[in-house]
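Numbering (this note's numbering), first residue to last: 205 to 486.
Cβ coordinates follow ideal geometry from the N, Cα and C atoms, glycine included.
These numbers come from a predicted model, not from an experiment.
Everything on this sheet refers to the single structure shown next.
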């Protein structure tokens with residue numbers, strides 16, 4: 205399955221030389237077995253993006269890997285490690301789920317290639333085309349919860365077998381169906397490290413169901429229009445202080461108007477007298 209990677213690089217990718225087209229020394233196809241170089245043989249950019257960020261465990265390098273999916277331009281690949289997980293004749297080919305050093309891994313996350321012990325008969329053996337076998341046929345397992353995207357520069361041919369190995373299409377589909385049950389599978393191409401490494405970002409409208417993890421170019425954010433300064437408020441003209449009236453001065457009024465007083469208007473002394481009543485003789 206191919207995933208589209210955008211052409212425009214983010215500023216991070218441009219500064220770090222990431223997101224650029226990777227060399228295509230091999231025309232890898234889904235299901236083929238490649239070899240992930242040792243981390244010491246990664247170029248500086250890949251080592252920084254994969255190892256130093258903690259995205260890829262250094263112990264996962266230096267192993268054969270299954271090509272699960274690829275970007276549209278075959279610059280990046282989703283892979284899973286095939287490993288013996290410390291099993292061998294010295295421990296009677298003890299499977300990883302029975303080893304204390306792998307006790308934190310999910311037991312049902314291991315899938316076995318034909319010739320290696322499997323956890324349960326409910327899961328089929330993984331098969332290689334044309335009856336192919338790994339160099340260690342008794343100790344070849346895949347941990348389905350550990351998948352990662354790597355640039356093509358970190359891959360090379362798996363030269364131990366005499367021929368190029370490839371999974372059968374039935375086994376590849378079975379393995380991918382098993383992996384889809386893991387919580388990290390939906391975001392396999394959307395992990396922040398992957399987006400940064402590829403120099404692209406996911407479009408807001410895309411979704412796992414519609415885009416299946418497609419990557420789209422990062423669109424620069426439109427700068428916010430600066431706010432127009434508010435015009436300063438004009439100071440209010442101070443109110444002219446009222447001139448006190450001289451006692452006896454008539455109240456000014458508009459021409460033609462008359463000043464009416466209520467007929468019931470009483471002097472202050474009259475009102476006070478009515479409220480207080482007549483003085484009582486002592």
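According to the DSSP secondary-structure assignment, residue 371 is paired through a beta bridge with 332.
Assignment of residue 293 by DSSP, reduced to helix, strand and coil, places it in the helix class. With 16 or more other CB atoms across the displayed protein chains lying within 10 angstroms of its CB, residue 315 is buried. Beta bridge pairing from DSSP links residue 259 with no other residue. Collapsing the DSSP output to three states places residue 320 in coil. Contact between residue 330 and residue 375 is confirmed by a C-beta separation of about 5 Å, below the 8 Å threshold. Rounded to the nearest angstrom, the gap between the Cα atoms of residue 396 and residue 354 is 13 Å. Put simply, the backbone Cα of residue 231 is about 28 Å away from that of residue 257. Residue 321 is a Cβ neighbour of residue 342, given a cutoff of 9 Å.
Within a 10 Å sphere around the beta-carbon of residue 356 sit 16 or more other beta-carbons, which makes this residue buried.
Residue environment: residue 299 is assigned as buried (16 or more neighbouring CB atoms within 10 Å of its CB, all protein chains considered). According to DSSP, residue pairing for residue 236 in a beta bridge involves 370.
With a cutoff of 9 Å on beta-carbon distance, residue 271 and residue 282 are scored as near each other. By the C-beta density criterion, residue 401 is buried, having at least 16 other C-beta atoms within 10 angstroms. Between residue 348 and residue 388 the beta-carbon gap is near 10 Å, outside 8 Å, which marks them as no contact. Ranking 273, 384, 360, 287 by CA distance to the CA of residue 234 puts 273 first.
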